Each structure stands twice: as C-alpha cells, then as structure tokens.
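Residue numbers (my numbering): 50 to 207. From the three backbone atoms N, C-alpha and C, an ideal C-beta is built for every residue, glycine too. No experiment lies behind these values; they were computed from the predicted model shown.
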Amino acid sequence: MNRFSRDQIAARVAQDIFEGAYVNLGIGLPTKVANFLPSDREVFLHSENGLLGMGPAPAPGEEDEDLINAGKQPVTILTGGAYFHHADSFAMMRGGHLDICVLGAFQVSEKGDVANWHTGAPDAIPAVGGAMDLALGAKKVFVMMDHQTKTGESKIVP
C-alpha cells in the first residue's frame, strides 16, 4: 500500500516550487500540483501543448472544452496567460526556459532513471512524448508516482 495519497504527494511537490518559477506540469498525477500552489505565490504553469499561465482545474460544470492541458484535461487560465503554437512551447522546453518540470513515471530505477513512455493502459500508444525535452531542458526535475503497483509490486527497480 502507498504511504501517501496522490493529493499528499502533489501538495508536497507544490511546497518546493518557488516564487516566480516557470513550471511544466506533466500528464497525469503532476497536474494535481496546480491545485496545491499557495494563492499568494506567483508561479507560471506551462503545458507543452502551448499554454503559459495555466491555473488549477476548473470547478465541475465550469470546464471550457477548448482549454485543455497536454493530457487533454480541462484547465483554467490565469489573468495574463497565453496560448501559443506547440513548436514555441517545445522551444521553451528545449531552450532551458523552464525552472522546474514535474513528470509522472511508470517506474524509476535506484539510480534515478525514469521510465514513463507507457502507462500500461491498453489503448495508450507507447511514446516518450515531451518528457525527454523536459528532463533535459528544465533546470530541476521532480518525478511523481505511486511507489507500488495496484498489486503491491515496487515501481522502484534496480
């Protein structure tokens, strides 16, 4: 059994995001971090599909079908936020313009190698996506995941 809930993990990561940081939240669990950032801390959230100034998840019934993150989840946009082409978004990622990226992972090795190219979902296409660009381009990388599978096997591997 996992020691921390997914909300507790997201809240813990949010504590380490500093004032003024430009942060990419990866697909899945990392998107929860937006819901735990203190309202008095200015943080610029980035999504690889071309969004800067992303806010927390919208309230139920307040979703805008045209406003989604890279994982196709509805999001909000803060005052001053911007939409732009995904090529510009990847230029930000590859150019070292992000302070932090928060990635999800399927497994992590004891040495810190991340495997996140497949979720295990039968309908998902295995692919690295933008994670490689983020891992190399961001100044700091956080990896969020449950430490055990649903059957209790460790997701931290040799």
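Selected residue, minimal CA-CA separation from residue i, among the options
i	options	result
Leu127	Val92, Arg61, Ser54, Ser138	Val92
Gln122	Lys189, Pro207, Glu68, Gly77	Gly77
Ser146	Thr198, Asp137, Gly153, Ala131	Note on identity: in this sequence residue 146 is His, with Ser being the wrong assignment. Checking every option, the nearest Cα to that of His146 belongs to Asp137.
Ala108	Phe139, Pro171, Leu100, Asn84	Asn84
Gly179	Val157, Lys160, Val151	Val151
Ser158	Ser54, Ser203, Arg61	Ser203
Lys160	Lys199, Gln197, Pro207, Thr125	Pro207
Val190	Tyr71, Glu114, Phe53, Ser54	Tyr71
Ala173	Ala140, Gly120, Gln64	Gly120
Lys253	Phe155, Pro175, Gln64	Residue 253 is absent from the structure shown; the chain starts at 50 and stops at 207.
Arg90	Phe53, Gly110, Ala63	Ala63
Cβ-Cβ separation, residue j to residue i (assumed contact under 8 Å), whole Å
i	j	result
Met142	Asp195	That belief does not hold up - the Cβ atoms of Met142 and Asp195 are roughly 25 Å apart, past 8 Å.
Sheet register partners of residue i (DSSP bridge)
i	result
Ile205	Val157
Asp88	According to the sequence provided, residue 88 is Ser. The question's Asp does not apply to it. Looking at the DSSP assignment, Ser88 forms no beta bridge with any residue, so it has no partner.
Short Cβ contact (8 Å threshold) for residue i with residue j
i	j	result
Ile23	Ile58	Only positions 50 to 207 of the chain appear in this structure, which leaves residue 23 out of reach.
Ser96	Asn118	yes
Asn165	His135	no
Met193	Gly153	yes
Leu101	Gly130	yes
Gly184	Val163	The residue asked about is misnamed: residue 184 is Ala in this sequence, not Gly. Yes, the Cβ-Cβ distance between Ala184 and Val163 is below 8 Å.
Thr80	Leu86	no
Val82	Ala106	no
Please give me, in chain order, every unbroken run of the beta strand (DSSP E) with length at least 3 that falls completely inside the region 114-202.
Those beta strand (DSSP E) runs which fall completely within the region 114-202 and span 3+ residues are 126-132, 149-153, 156-158, 189-193.
What runs of the alpha helix (DSSP H), each 4 residues or longer, lie entirely inside the region 50-84?
Taking 4 residues as the minimum length, the alpha helix (DSSP H) runs contained wholly in the region 50-84 are 55-64, in order along the chain.
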